[in-house]
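Q: The numbering of the sequence shown is this note's numbering, which starts it at 38 and goes up by one.
Beta carbons: idealized from backbone N, C-alpha and C, even for Gly.
The structure under discussion is supplied below as structure tokens; questions concerning it will follow.
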Amino acid sequence: MALLITDECINCDVCEPACPNEAISEGEDIYVIDPDLCTECVGHFDEPQCVVICPVDCIPNDPNHVESDSDLLAKYKRITGQ
Ligand code: SF4
Ligand code: SF4
38 MALLITDECI NCDVCEPACP NEAISEGEDI YVIDPDLCTE CVGHFDEPQC
88 VVICPVDCIP NDPNHVESDS DLLAKYKRIT GQ
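Have a look at this one:
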């Protein structure tokens with residue numbers, strides 16, 4: 038399941054460099070996650086790094102992008118060319 042940044046985001050910018058897939062970028066009003074690049078950190082880390090680092094806890098699961106662990110691992114392999 039990809040993750041989603043809610044409008045509680047305070048644009049602090051700490052999550053963007055923490056993402057191993059470069060899935061996070063500055064959107065028009067708040068930071069946004071590209072669901073095609075977010076693997077929930079599967080393949081890189083045990084926990085979603087953006088969730089760990091976000092000071093306002095505004096990054097829940099994205100109900101519109103439900104994926105299994107094997108889906109996420111396949112996405113990781115596609116992104117990294119493995
Ligand atoms: S869960 Fe991991 S891959 Fe997804 S946006 Fe957060 S840091 Fe990036
Ligand atoms: S860490 Fe949280 S508050 Fe900061 S930019 Fe990312 S989503 Fe927004």
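Taking the Cβ atom as the reference point for each residue, do residue 103 and residue 96 lie within a distance shorter than 8 Å?
A: No, Cβ-Cβ distance for residue 103 and residue 96 is not below 8 Å.
Q: Are residue 99 and residue 72 touching if we call contact CB-CB under 8 Å?
A: yes
Q: Can you round the beta-carbon distance between residue 79 and residue 40 to whole angstroms, since I take them to be within the 8 Å contact cut?
A: Not quite, the Cβ-Cβ distance comes to about 12 Å (not below 8 Å), so this is no contact.
Q: Go through the stretch 44-79 residue by residue and report every complete run of the alpha helix (DSSP H) that reaches 4 residues or more, in order.
A: 52-55
Q: Anything with a beta carbon under 7 Å from a heavy atom of ligand 2 counts; list them all in chain order.
A: 42, 46, 47, 48, 49, 50, 51, 52, 53, 61, 67, 68, 87, 90, 91, 92, 93, 95, 96
Q: Residue 84 and residue 74: beta carbons closer than 8 Å?
A: Their beta carbons are not under 8 Å apart, which means residue 84 does not touch residue 74 by this criterion.
Q: Who are the Cβ neighbours of residue 116 in its own chain at under 8 Å, not counting the five residues just before and after it?
A: 58, 74, 76
Q: Roughly how many whole angstroms lie between the Cα atoms of residue 46 and residue 66?
A: A direct Cα-to-Cα measurement between residue 46 and residue 66 gives close to 9 Å.
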